[in-house]
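Take a look at the structure below.
Numbering (the numbering used here), first residue to last: 280 to 466.
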C-alpha cells in the first residue's frame with residue numbers, strides 16, 4: 280500500500296508491512312481441508328489475529344491524531360466517526376429516551392478472511408473487474424432497451440393520436456355533410 284502523507288504525517292502501514300514480512304518467513308503446516316490445500320486452522324486463526332492487530336495499530340496511528348476513535352473488540356477493530364447530518368436526522372426522529380442509544384456515530388468493523396491456498400488475489404481481482412464490466416454492459420443495455428421502449432411507446436401514442444384526429448376529422452366532415460344534406464332538403 281502506498282504511503283499517504285497528510286498534514287505532515289506519514290501513514291506507512293509499518294505494522295502491517297512488518298507483520299507481512301514476518302509471515303513470509305514463518306514455518307507453516309499445509310493440510311488438505313475439504314478437498315483443497317489449506318493452512319492448518321490454528322495457524323490461520325493466529326495469522327489472522329496478528330494481521331488484524333497490525334492493521335489496528337496502523338489505523339490507530341493514522342486516525343487517533345485526527346480525533347477519530349478506533350476500538351479493539353473480539354470480532355475486530357471498530358472505527359467510529361460522527362456524521363452531523365445523521366445526528367440531526369436522528370434527533371428529529373426519536374424521543375429523548377431513544378436518543379441515548381443513537382448518536383450519529385457510524386461504526387466500521389475491520390475483519391479479515393483467510394482464504395485457502397488455491398486463491399490467487401490477481402485472478403480474483405480480474406474476475407471482479409470482469410463482473411463489474413459485465414454489470415456495466417448489462418446496465419447500458421437495460422437503459423438502451425428502456426429508452427427504446429419509451430420511444431416506441433411515444434411513437435405508438437403519437438400514431439394513436441393521429442388516428443383519433445383522422446377519425447374526428449372524418450366524423451366532423453360526415454356531420455357537416457349530413458347537416459348540409461338536411462339543409463338542402465328543408466329548402
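Idealized CB from N, CA, C, for every residue including glycine.
Small disclaimer: the values here were computed from a predicted structure and weren't measured.
Exercise for the section: Determine the closest residue to residue 397 out of 305, 296, 302 and 312, with distance taken between C-alpha atoms. Expected result: Counting from 1 along the chain shown, the entry for residue 397 is found at position 118. Checked all of 305, 296, 302 and 312; the closest Cα to residue 397 is 312.
Handout entry: Supposed contact pair residue 389 and residue 296 - C-beta distance, whole angstroms, cut 8 Å
Key = Translated into the one-based positions of the chain shown, residue 296 becomes position 17. Translated into the one-based positions of the chain shown, residue 389 becomes position 110. Not quite, the Cβ-Cβ distance comes to about 17 Å (not below 8 Å), so this is no contact.
Exercise for the section: Count the C-beta pairs between the stretch 339 to 357 and the stretch 318 to 328 that are closer than 8 Å, then say yes if the count reaches three, no if not. Expected result: Segments in contact, no.
Exercise for the section: Measure the CB-CB distance between residue 357 and residue 386 and report whether it falls below 7 Å. Expected result: Counted from its first residue, the chain shown places residue 357 at position 78. Counted from its first residue, the chain shown places residue 386 at position 107. Yes, the Cβ-Cβ distance between residue 357 and residue 386 is below 7 Å.
Handout entry: Which residues DSSP lists as bridging residue 348, in chain order
Key = One-based indexing of the chain shown puts residue 348 at position 69. The bridge partners DSSP lists for residue 348 are 359.
Practice task
Determine the extent of the alpha helix (DSSP H) in which residue 295 is found, giving its start and end residues.
Solution key: Along the chain shown, one-based indexing puts residue 295 at 16. That run of the alpha helix (DSSP H) goes 293 to 304.
Practice task
Answer yes if the stretch 327 to 341 comes into contact with the stretch 290 to 310, meaning at least three C-beta pairs across the two stretches below 8 Å, and no otherwise.
Solution key: Yes: the two stretches touch, three or more of their Cβ pairs being nearer than 8 Å.
Handout entry: CB-CB length for residue 383 against residue 404, believed under 8 Å
Key = In the chain shown, counting from the first residue as 1, residue 383 sits at position 104. In the chain shown, counting from the first residue as 1, residue 404 sits at position 125. Cβ atoms of residue 383 and residue 404 stay farther apart than 8 Å, at about 35 Å.
Problem - Coarse secondary structure for residue 353, derived from DSSP in three states - result: Taking the first residue of the chain shown as 1, we reach residue 353 at position 74. In this structure, residue 353 counts as coil in the three-state DSSP scheme.
Handout entry: Continuous beta strand (DSSP E) stretch holding residue 385: start and end
Key = Your numbering for residue 385 matches position 106 in the chain shown. 384 to 388 is the span of the beta strand (DSSP E), which, as asked, contains residue 385.
Problem - Simplified DSSP state of residue 459, which is helix, strand or coil - result: Reading the chain shown from its first residue, position 180 is the one you call residue 459. DSSP places residue 459 in helix when its eight states are reduced to three.
Practice task
Starting from residue 316, follow the beta strand (DSSP E) in both directions and report where the run begins and ends.
Solution key: Here residue 316 refers to the residue found at position 37 when the chain shown is read from its first residue. Taken as a continuous stretch (DSSP letters only), the beta strand (DSSP E) holding residue 316 covers 315 to 318.
Exercise for the section: Taking only the alpha-carbon atoms, compute the straight-line gap between residue 319 and residue 392 and give it to the nearest angstrom. Expected result: In the chain shown, the residue the question calls residue 319 occupies position 40. In the chain shown, the residue the question calls residue 392 occupies position 113. Near 14 Å, if we compare the C-alpha coordinates of residue 392 and residue 319.
Practice task
Return yes when the Cβ of residue 395 is within less than 7 Å of the Cβ of residue 309, no when it is not.
Solution key: Position 30 of the chain shown, counted from the first residue, corresponds to residue 309. Position 116 of the chain shown, counted from the first residue, corresponds to residue 395. Contact: no.
Handout entry: Cα-Cα separation between residue 284 and residue 299, rounded to whole angstroms
Key = Numbered from its first residue, the chain shown carries residue 284 at position 5. Numbered from its first residue, the chain shown carries residue 299 at position 20. For residue 284, the pLDDT reaches just 46, beneath the cut-off of 50, and the residue's location in the model is therefore unreliable, leaving the point undetermined.
Practice task
Assign residue 341 to one of two classes, buried (16 or more other C-beta atoms within 10 Å of its C-beta) or exposed (fewer than that).
Solution key: Residue mapping note: residue 341 aligns to position 62 of the chain shown, counting from 1. For residue 341, the number of other beta carbons within 10 angstroms of its own is at least 16, and it is reported as buried.
Problem - Identity of the residues DSSP links to residue 311 by a beta bridge - result: As a working mapping, residue 311 is identified with position 32 in the chain shown. When beta bridges are read from the DSSP output, residue 311 appears opposite 316.
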